[in-house]
Amino acid sequence: MKLKKGFVIHNTSSDYVAVATGEAGETFNGMIRNNKTANTIFELLMTDTTATAIVDKMVEKYDAPREVIEADVMSIIAKLKEAGFIDE
Amino acid sequence: MSENKFNIKLADKVIELDCIYPYIKEFCKDYLTDKRPEIFIRILPADIEFEREKAAKEDVYEGIPKREFPADYLETVAAYRKIATKMLEYDVLLVHGSCIAVDGIAYLFTAKSGVGKSTHTHLWERCFGDRFTYINDDKPLLAVSENGVIAYGTPWDGKHRKSNNVSFPLKNVCFIYRKNENHIEKANSRDVFLSLLQQVYRPDDVALMQKVFSLMDKCISKLNFYSLGCNMDLQAALVAYNKMNERN
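Protein chains in written order, with my numbering: chain A, 3 to 90; chain B, 156 to 403.
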């Protein structure tokens, strides 16, 4: 599972932004403002991965119970799939 | 050189345009040059078809009846898209906004179409008379460097065709919105990047989009950004000008 080809991520001092070009841009012509958590997930989804691998990485990074992190990750992945951003 | 192959100078770069229709040369008449080109742009029938389909998709998205555009007009759109893409290699960014100058300093007003950018800059024209110059009322080019940002006129200047073949240093950018009482303040730094991103040319290529982000970062470090709520009174221009020229 990974993000469709063509997403470009950019971080500023106050924002995490993603824009779709190429294949990703065929279905999405806007821009995305992510929070820090969603941005981390975006970055991990730039290469082929699994939901479990993402949760594992997030557990290493954030000091929160695994179940809480897993719920957040699954929720964000579901939204990305619904938006058509994910290649399975 | 064939009739539809000619050179223009935009943002200090000489561009050879090899086009299908004669209209675009007339369209670019104030920017023609006989200097040697460093950029070569050729328009193909497929480029015009791309613009036709893109315009049709946008009309569907906006929920308006599909508009038909003549091929020679679409050629001008295709040409500017190719120019804007190529210019990124030279650290030049295309932005959607009304760009004007007073006393040799440029000001850029940006917002979605229909909000009132041109209406506002026309107030500046009325206020400042001979001190005022249009740079480009719709899509100026911004050359970004360590020394700052220079705004350039181009022929792609909007429906009122307001532009001049000039360039001035850009210091201030205003995000405009409609408001009953005129009010200007420094833009919330958290909103500047996303607001600007909505008004810059976004190429359909990962590496070029990363270049756009890099140029935007540089612009943000060099320019002052304001949020301007305004009406159509002449006073709106003075409120904006006075704030942007306050001594800090």
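Note that the Cβ used here is the ideal one computed from N, Cα and C, for glycine as well.
In this chain, Ala-266(B) is not harboured by any alpha helix (DSSP H), its DSSP state being neither H nor E. Annotation: the continuous beta strand (DSSP E) that includes Val-10(A) extends over 9-13. Across the stretch 17-49 of chain A, CB contacts with chain B closer than 7 Å involve Asp-17, Val-19, Val-21, Thr-23, Gly-24, Gly-27, Met-33 and Arg-35, in sequence order along the chain. Looking from the CA of Glu-301(B), the closest CA among Met-399(B), Met-371(B) and Thr-188(B) belongs to Met-371(B). Nearest Cα to Phe-330(B) within the set Glu-206(B), Ser-268(B), Phe-323(B) and Ala-342(B): Ala-342(B). Taking 8 Å as the threshold, the shortest C-beta distance from Ser-376(B) to chain A does not fall below it. Here the alpha carbons of Ile-170(B) and Glu-193(B) stand approximately 6 Å from one another. Here the C-alpha atom of Asp-258(B) lies approximately 11 Å from the C-alpha atom of Gly-284(B). With respect to Lys-164(B), Lys-190(B) sits close: the two C-beta atoms are nearer than 8 Å.
Within the model, the alpha-carbon separation for Cys-374(B) versus Asp-227(B) is close to 34 Å.
Within the stretch 331-354 of chain B, the residues whose Cβ lies closer than 8 Å to some Cβ of chain A are Ser-344, Arg-345, Phe-348, Leu-349, Leu-352 and Gln-353, listed in chain order.
Take Ala-391(B), set aside five residues on each side of it, and the residues of its chain with a beta-carbon closer than 7 Å to its own are His-275, Leu-278, Asn-337 and Cys-385, in chain order. For Ile-79(A), the enclosing alpha helix (DSSP H) has its first and last residue at 68-84.
Between the alpha carbons of Glu-84(A) and Ala-233(B) lies a gap of roughly 33 Å.
With contacts defined as CB atoms closer than 8 Å, Ile-290(B) and Ala-256(B) qualify as a contacting pair. The C-alpha of Val-10(A) lies about 13 Å from the C-alpha of Thr-49(A).
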